[in-house]
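Chains A and B, in that order, give the protein sequences. Per my numbering, the first sequence starts with residue 1, numbered consecutively. Per my numbering, the second sequence starts with residue 184, numbered consecutively. Built from N, CA and C at the ideal position, the CB exists for glycine as well.
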Amino acid sequence: MEPKRIEAPLTDEVVMSLKAGDNVLINGVIYTARDAAHKKLVELMDKGEELPLDLQGQFIYYVGPTPEKPGQAIGSAGPTTSGRMDAYTPKMLERGMKACIGKGLRNQAVRDALIKYKGVYLAAVGGAGALLSKRITKSEVVAYPELGAEAIRRLEVKDFPATVINDAYGNDLYAEGAKQYAR
Amino acid sequence: MREIAASTISEQVAEMCQEANIYLGEDVFDALKKSLETEESPTGKEVLKQLIENVEIARDEQIPICQDTGFAVFFVEWGQEVHLTGGTLEEAIHAGVRKGYEEGYLRKSIVDDPLYKRKNTGDNTPAVIYTDIVPGDKVKIAFAPKGGGSENMSTVKMLKPSDGEEGVVDFVVSHVKAAGPNPCPPIVVGVGIGGTFDKVAVNAKKALFRKVGEPHPDEAFAALEKKILDKINDLGVGPQGFGGRTFALAVHIETFPSHIASMAAAVNINCHACRHLERTI
Numbered sequence: 001m002e003p004k005r006i007e008a009p010l011t012d013e014v015v016m017s018l019k020a021g022d023n024v025l026i027n028g029v030i031y032t033a034r035d036a037a038h039k040k041l042v043e044l045m046d047k048g049e050e051l052p053l054d055l056q057g058q059f060i061y062y063v064g065p066t067p068e069k070p071g072q073a074i075g076s077a078g079p080t081t082s083g084r085m086d087a088y089t090p091k092m093l094e095r096g097m098k099a100c101i102g103k104g105l106r107n108q109a110v111r112d113a114l115i116k117y118k119g120v121y122l123a124a125v126g127g128a129g130a131l132l133s134k135r136i137t138k139s140e141v142v143a144y145p146e147l148g149a150e151a152i153r154r155l156e157v158k159d160f161p162a163t164v165i166n167d168a169y170g171n172d173l174y175a176e177g178a179k180q181y182a183r
Numbered sequence: 184m185r186e187i188a189a190s191t192i193s194e195q196v197a198e199m200c201q202e203a204n205i206y207l208g209e210d211v212f213d214a215l216k217k218s219l220e221t222e223e224s225p226t227g228k229e230v231l232k233q234l235i236e237n238v239e240i241a242r243d244e245q246i247p248i249c250q251d252t253g254f255a256v257f258f259v260e261w262g263q264e265v266h267l268t269g270g271t272l273e274e275a276i277h278a279g280v281r282k283g284y285e286e287g288y289l290r291k292s293i294v295d296d297p298l299y300k301r302k303n304t305g306d307n308t309p310a311v312i313y314t315d316i317v318p319g320d321k322v323k324i325a326f327a328p329k330g331g332g333s334e335n336m337s338t339v340k341m342l343k344p345s346d347g348e349e350g351v352v353d354f355v356v357s358h359v360k361a362a363g364p365n366p367c368p369p370i371v372v373g374v375g376i377g378g379t380f381d382k383v384a385v386n387a388k389k390a391l392f393r394k395v396g397e398p399h400p401d402e403a404f405a406a407l408e409k410k411i412l413d414k415i416n417d418l419g420v421g422p423q424g425f426g427g428r429t430f431a432l433a434v435h436i437e438t439f440p441s442h443i444a445s446m447a448a449a450v451n452i453n454c455h456a457c458r459h460l461e462r463t464i
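Next comes the structure, spelled out in structure tokens:
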């Protein structure tokens with residue numbers, strides 16, 4: 001099946017058109033955050049303070065890239081394991097995040113929150129950091145530079161490939177895919 | 184007595200850190216290409232193609248295969264006829280890691296205090312170093328940058344001797360099934376059997392240093408590797424967990440004699456970027 005081209009940030013309409021198993025190519029601006037940045041963002045939310053970025057409609061990519069070489073937009077930049085962000089994801093969705101990109105299983109609370117807030121969870125190919133870096137045309141640190149590889153970055157992406165794992169209807173590609181090929 | 188300068192060790196280690204992170208070993212690359220021929224799922228095939236292309240881009244453009252350039256793990260076999268001059272082995276390895284990770288634009292992924300401060304050490308040290316003193320006047324250094332995602336999907340269990348082969352198979356397969364897509368399949372599964380609680384874990388790690396596809400020298404354990412591999416692939420989890428026939432590329436078992444009361448078992452998982460290399464000085 002041909003991949004669908006989608007624009008970031010996302011609208012509810014596009015979210016609702018995506019189904020588990022869809023391959024997509026993402027174009028536009030997305031943001032990065034992993035463990036340490038999520039912890040800081042959710043602490044700010046809990047204190048009722050302003051966030052360093054507006055999450056409305058945004059994609060959050062779970063990645064901690066390698067340092068870029070001179071002339072590169074970004075170093076190797078594949079997804080990290082999403083499950084470590086489970087504790088924070090429902091709150092991120094509540095604040096307007098529409099999609100997150102990582103790899104691996106999400107818990108029930110995240111899957112429920114995707115339905116409730118109309119969001120989608122996608123996987124990029126884990127361990128394909130060199131290939132994925134070629135689809136990122138620009139990268140700049142926009143918050144928490146002291147976190148190094150874990151800083152929040154604004155990325156411009158062109159045809160960034162990902163697969164829908166959990167859609168806003170409760171479907172789960174991990175469960176369905178394995179069922180189809182198990183013996 | 185043969186002398187080796189600490190600076191020589193550092194230089195070799197620095198080169199190894201960069202080489203292992205940029206060039207995937209032929210053994211793993213061949214296994215990936217071979218799996219493309221046997222994979223039945225179209226999505227699984229697509230993933231495998233991306234992984235093969237990724238290895239080629241990393242090689243051609245000299246960028247790390249994966250952004251997780253790992254915990255630096257070393258197994259050193261030090262010939263007892265060799266005298267190290269100008270420093271300690273540990274310092275020499277750490278100097279090499281520092282240089283290799285800085286000059287190679289590799290990610291520094293180590294924090295000092297594991298619980299409270301979690302402050303990045305900034306140079307990817309310390310490394311995890313295992314040293315054996317062996318006969319001879321050579322030094323063999325084996326290095327693997329070990330990714331955190333797959334390392335997190337690892338475990339130890341003290342089985343009972345009466346659990347037998349079935350117990351080992353169930354333990355490994357059910358654990359790998361629960362790990363599912365998290366450790367970036369297709370995976371390589373390192374299994375330790377026997378020894379103490381600590382020894383069995385080190386052996387599971389050591390198993391990941393073996394060339395992918397090279398069977399255990401003992402026929403019975405080689406057959407067990409094959410049996411477990413087939414069962415893992417029959418789970419249908421497939422490349423990246425999207426469904427398919429290639430969940431694992433290989434299962435490697437390392438054994439050690441056991442206490443009469445015990446049968447320790449451990450699973451250490453590696454991702455498809457099963458980076459490892461060795462040099463003899």
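DSSP, reduced to helix, strand and coil, places residue 38/A within a helical segment of the structure shown.
Following the DSSP letters along the chain, one finds residue 446/B inside the beta strand (DSSP E) bounded by residues 446 to 453.
Collapsing the DSSP output to three states places residue 315/B in a strand.
For chain B, the residues of the region 67 to 85 of chain A that bring a beta carbon within less than 8 Å of one of its beta carbons are 67, 68, 69, 72, 75, 76, 77, 78, 80, 81 and 83, in chain order. Residues of the same chain with a CB within less than 6 Å of the CB of residue 142/A, apart from the 5 flanking positions on each side, are 152 and 154 in chain order. Residue-level contact by beta carbon holds for residue 133/A and chain B, with a gap shorter than 8 Å. Taking CB atoms only, residue 218/B has no neighbour in chain A less than 8 Å away. DSSP, reduced to helix, strand and coil, places residue 60/A within a strand of the structure shown. Contact between residue 251/B and residue 292/B holds, with the beta-carbon distance rounding to 7 Å and staying under 8 Å.
Going by C-alpha positions, residue 68/A is about 43 Å away from residue 439/B. In the same chain as residue 188/B, and ignoring 5 residues on each side of it, the C-beta atoms closer than 6 Å to its own belong to 268 and 269, in chain order. One Cα belongs to residue 195/B, the other to residue 412/B, and the distance between them is close to 35 Å. Put simply, of 145/A, 36/A, 158/A and 32/A the residue whose alpha carbon is nearest the alpha carbon of residue 298/B is 36/A. Residue-level contact check: residue 15/A does not touch chain B, since none of the beta carbons of chain B fall below 8 Å from its beta carbon.
For the pair residue 386/B and residue 437/B, the CB atoms are nearer than the 8 Å cut-off. The CB of residue 99/A never comes closer than 7 Å to any CB in chain B; the least such distance is about 18 Å. In the three-state reduction of the DSSP assignment, residue 439/B falls in the coil class. The C-beta of residue 336/B has 16 or more other C-beta atoms within 10 Å across all chains shown, which makes the residue buried.
For residue 423/B, the number of other beta carbons within 10 angstroms of its own is at least 16, and it is reported as buried. If you ignore the 5 residues before and after residue 160/A, its C-beta comes within less than 6 Å of the C-beta of 26 and 135, all in its own chain and listed in chain order.
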